[in-house]
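Here's the structure we're looking at; comments come further down.
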Amino acid sequence: MNVLEVKQLTKKFGDFIAVDNITMSVKEGEIFGFLGANGAGKSTAINMIASLLRVTKGEIEVLGKNIAKHGKFAKMNIGIVPQEMAIYEDMTTYENVYFFAGLYGLRGAELKERVIEALAFVGLGDKHKSYPKNFSGGMKRRLNIACAIAHRPKLLIMDEPTVGIDPQSRNYILGSVKKLNEMGCTIIYTSHYMEEVEEICTRIAIIDHGKIIAEGTKGQLKAIITNQKNIGIEVRSAENLDRSKLAGIAGVNQVKVEDRIIKITSDSEINNLNRIIQQLMADDIEIRSVEEHEPSLETVFLTLTGRSLRD
Amino acid sequence: MNIFRIALKEIRVIRDPKMLLFLLVSPLLIMLILGTATTNAFNGSLTVGEINVLYKNTSTSSELSKYWDDFTGQMRQAGIHLEGAIDNTDGKLKVKNNLYTGYVEITDSGLMYYANSQSLIESDIAQSVFTAFTDRYRLAAEVSETDSKQADAIMAGYGGAGYVVEESLNAARKPGAMDYFAIAMTTMFILYSAMTAADLIDGERKRKTAVRLLAAPVTKMEIFIGKIAGLVMVNAILIFVVVLTSKYMFNAYWGENLGLVFLVLITEILFAVSLGLGFSYVLKGNAAGTVVMIIIQLAAFLGGSYYPVEDATGILATIASLSPLQWSNAALLEMIYADSFTAAANAMLLNIGFSVVLLGIAITMMRRREGL
Ligand SMILES: Nc1ncnc2c1ncn2[C@@H]1O[C@H](COP(=O)(O)OP(=O)(O)OP(=O)(O)O)[C@@H](O)[C@H]1O
Ligand SMILES: [Mg+2]
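The listed protein sequences derive, respectively, from chains P and S. Quick note on the working numbering: the first sequence kicks off at 1 and runs consecutively. Quick note on the working numbering: the second sequence kicks off at 312 and runs consecutively.
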């Protein structure tokens, strides 16, 4: 069964169209990735699904029921981890989760059990009495998640849950997401981080200017741009590099320099590796190694949207 | 049930000892300072208390005149000064000019009392005393047809019938400085809850927790009502403690009908909360807080929180009557010192009426809005 069904969903803010006629579905057990640059419309789409924004046009079904008619049912079955931290800093972690979970009809011993379970799940089991105002960014993010899962939602919507935290907390969160998914929770996961989406998502939608411009598994998405190849050249020093000369070579679409690695995206049909190497030699740049990869998801994104995920 | 949970969260403040101490100590401290520092002013002639009534006796009945003279003597002992006017004095004008609490004309057809609208309590007291006097006189007049001794007794206040005068004499108790400021600080403190209210819903928006509340299976109305109910309850509890502390620790006089006092105070809490909420919906962002703060301070200044405005005259009196604190303060004073419940009923009606309007505006705006 489809946990989520979205049909021709549109959201306008005045004349501005933030979400433009999107149609998609999420099946039970999926981790569905929502990939898009800043302002692409990810949060707006998610917020309509979670009944936080009014729908301008279109339909949303959660577990087969239209949310316009069965709002309460949809809300009971959805958990949302908002992009911005939504916790009470003057209440303990326990009280935070207890309060929010209590709004989902949980009572007494069951409520307490669920709160303890949720806090343990995000690794805050020993912090029941602590106040989040003293927490690190990562711990706050984890509490933000605990507040969303204590009522055991069928569909968990996570809006950039790993923004601005240390790698350790991020790994913990990614691990939790996978574990939740294994326990039967369907997840919609929004992120700026390509690696995260690549690592955990079973299916991905790329959203740009409010439209879904591509959707599928990683393999399917990469197949869209089989006409692209990535070349990575490690050099001793890229200081003397004249990027415009490289970009002028036939077939080369993009040249990026990261530290001592020159990353080139090029049409796969054109064999231009020799010319690239010749150019580097002419500029007196010492080559350490050369690699050719199949396109990454990042390349897919770049090619489709014409912009980089992160500004 | 959800309303209850949301309300309960607001009451949490009470659990925080530091916050609680601050909330309770500040009004009590100001009460103590003003109540003791200004005692002299209250015993002087400027403030509430001095009741000077001008009278003109044109009655031809020697009986009535005799009783009236006795009565003036009795009243002087009770602190009500009845002063005979010279024939050509315009008593009503003198009252209008706030020179007297009231003016009485005694004619053969009875007593006419002209009250001073600016010193409500004193006027009320005087009026009830005169009512008692006329009642007794009527009774005595009837009795005297058969038994003039008993009539004299009635007028002297020894008769079994009608202890009205004695009640009225009790009512002539005047508020001391502590009595006055216990009331004034309590009502002012209540008005300050408008500040908390201005941030009640906006605070949820700022903290982004509004998102979570809205995502939960709770309606906007439930959130709204829950939060208001919580805040009203918190303030009711605090006020309860403040009033009882002032009563038993500072010996402030709150009258015989504490229940009704609380009822008036609770309607004022509702009014204050609605005021803050209403403005937080009409004005965006921090503007609401600033405007509410100005309103509170003006209301406090004009409404008699720092000095009694009962004796104010002219424009100041008119402006004072616009202060929501003035309604409640005057109503409480009248209720406590003159046993007059009409003022209390009016104040409650005003408080509730304004609350309904302000909450109506807030709810309409909230309904239109996405989010809270
Ligand atoms: N309440 C609003 N009123 C007007 N415009 C809005 C509103 N909310 C969002 N927008 C606009 O809609 C567009 C989509 O915003 P949205 O927050 O959905 O993007 P996003 O993909 O989540 O971006 P980010 O990665 O920065 O979170 C943006 O241009 C934003 O400015
Ligand atoms: Mg967003």
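Just so you know, even glycine gets a beta-carbon here, dropped at the ideal spot from N, CA and C.
Exercise. Can you list, in chain order, every residue whose CB sits closer than 7 angstroms to a heavy atom of ligand 2?
Worked result: K42(P), S43(P), Q83(P), D159(P), E160(P), T190(P)
Problem set entry | Members of the stretch 520-543 of chain S near chain P, C-beta cut-off 7 angstroms | T520, V522, R523, L525, A526, A527, P528, V529
Exercise. Using the beta-carbon of each residue, which ones in chain S are nearer than 8 angstroms to S51(P)?
Worked result: L525, A526
Problem set entry | Member of A86(P), N171(P), K11(P) whose CA lies at the smallest distance from the CA of V49(P) | Note that residue 49(P) is Ile in the sequence shown here, rather than Val. Residue K11(P) is the option with its Cα nearest to I49(P).
Exercise. Using a C-beta cutoff of 7 angstroms, does E579(S) count as contacting chain P?
Worked result: No, no contact with chain P.
Exercise. Skipping 5 residues on each side, what residues in its chain have a beta carbon closer than 6 angstroms to that of L549(S)?
Worked result: L334
Exercise. With 16 other CB atoms within 10 Å as the buried threshold, where does A109(P) fall?
Worked result: exposed
Exercise. Taking C-alpha atoms, which residue in S428(S), Q429(S), Q438(S), N409(S) lies nearest to E416(S)?
Worked result: Q438(S)
Problem set entry | DSSP-derived helix/strand/coil call for E374(S) | helix
Exercise. Looking only at its own chain, which residues have a Cβ that is under 7 angstroms from the Cβ of D419(S), when we skip the five neighbours before and after it?
Worked result: S370, T371, S372
Exercise. Distance, Cα to Cα, H151(P) vs R680(S)?
Worked result: Their Cα atoms are separated by approximately 28 angstroms.
Problem set entry | Residue closest to N227(P), alpha-carbon to alpha-carbon, out of E269(P), K140(P), V290(P) | E269(P)
Problem set entry | CB contact check: L337(P) to chain S, cutoff 7 angstroms | Because residue 337(P) is not part of the residues shown, which for chain P are 1 to 311, the question remains open.
For this session: Would you mind telling me which residues of chain S sit closer than 7 angstroms to C147(P), beta carbon to beta carbon, in chain order?
Result: R523
Exercise. Can you tell me the Cα-Cα spacing of I341(S) and L331(S), whole angstroms?
Worked result: 16 angstroms
Exercise. Where does the unbroken beta strand (DSSP E) through R326(S) begin, and where does it stop?
Worked result: Run containing R326(S): none; DSSP gives neither H nor E here.
Exercise. CB I317(S) to CB M544(S), shorter than 7 angstroms?
Worked result: no
Exercise. Using a threshold of 6 angstroms, is the CB atom of F561(S) nearer than that to any non-hydrogen atom of ligand 1?
Worked result: Using a cutoff of 6 angstroms, the CB of F561(S) does not count as near ligand 1, since none of the ligand's heavy atoms is closer than that.
For this session: May I ask you to report which of helix, strand or coil DSSP gives V97(P)?
Result: helix
Exercise. To the nearest angstrom, how far is it from the Cα of T93(P) to the Cα of M85(P)?
Worked result: 13 angstroms
Problem set entry | Helix, strand or coil at V55(P) according to DSSP, with G and I counted as helix | coil
Exercise. Just to confirm, are K531(S) and L511(S) a CB contact at a threshold of 7 angstroms?
Worked result: no
Exercise. Relative to the alpha-carbon of N662(S), which residue among Y617(S), D435(S), I501(S), D381(S) has its alpha-carbon at the smallest distance?
Worked result: I501(S)
For this session: State yes or no: is the C-beta of A521(S) within less than 7 angstroms of the C-beta of L683(S)?
Result: The Cβ-Cβ distance between A521(S) and L683(S) falls below 7 angstroms.
For this session: Could you work out which residue in D259(P), G232(P), K112(P), D20(P) is closest to E239(P) when comparing CA atoms only?
Result: Residue D259(P) is the option with its Cα nearest to E239(P).
For this session: Starting from K320(S), find everything on chain P with Cβ-Cβ shorter than 7 angstroms and list it in chain order.
Result: F99
For this session: Return yes when at least one heavy atom of ligand 1 lies under 6 angstroms from the C-beta of F590(S), else no.
Result: no
Exercise. In terms of alpha-carbon separation, which member of P486(S), L571(S), T507(S), K320(S) lies closest to F551(S)?
Worked result: L571(S)
For this session: For L156(P), write down the residues that DSSP places opposite it in a beta bridge.
Result: G79(P), I187(P)
Exercise. Is F73(P) near ligand 3, judged by its Cβ being under 6 angstroms from some heavy atom?
Worked result: With respect to ligand 3, the structure shown offers nothing to examine, as its ligands consist of ligand 1 and ligand 2.
Problem set entry | Own chain residues within Cβ distance below 8 angstroms of S237(P), not counting five before or after | R260, I285, E286
Exercise. Cβ-heavy atom distance between N312(P) and ligand 1 below 6 angstroms?
Worked result: Chain P is shown from 1 up to 311; residue 312(P) falls before or after that span and cannot be answered.
Exercise. Taking the C-alpha atoms as reference points, what is the distance between G125(P) and T507(S)?
Worked result: C-alpha separation (whole angstroms): 33 angstroms.
Problem set entry | Between the CA atoms of G251(P) and L241(P) - distance to the nearest angstrom | 19 angstroms
For this session: Just tell me which of K329(S), L555(S), H392(S), A527(S) has its CA closest to the CA of I149(P).
Result: A527(S)
Problem set entry | Rounded distance between the beta-carbons of D20(P) and K211(P), thought under 8 angstroms | 5 angstroms
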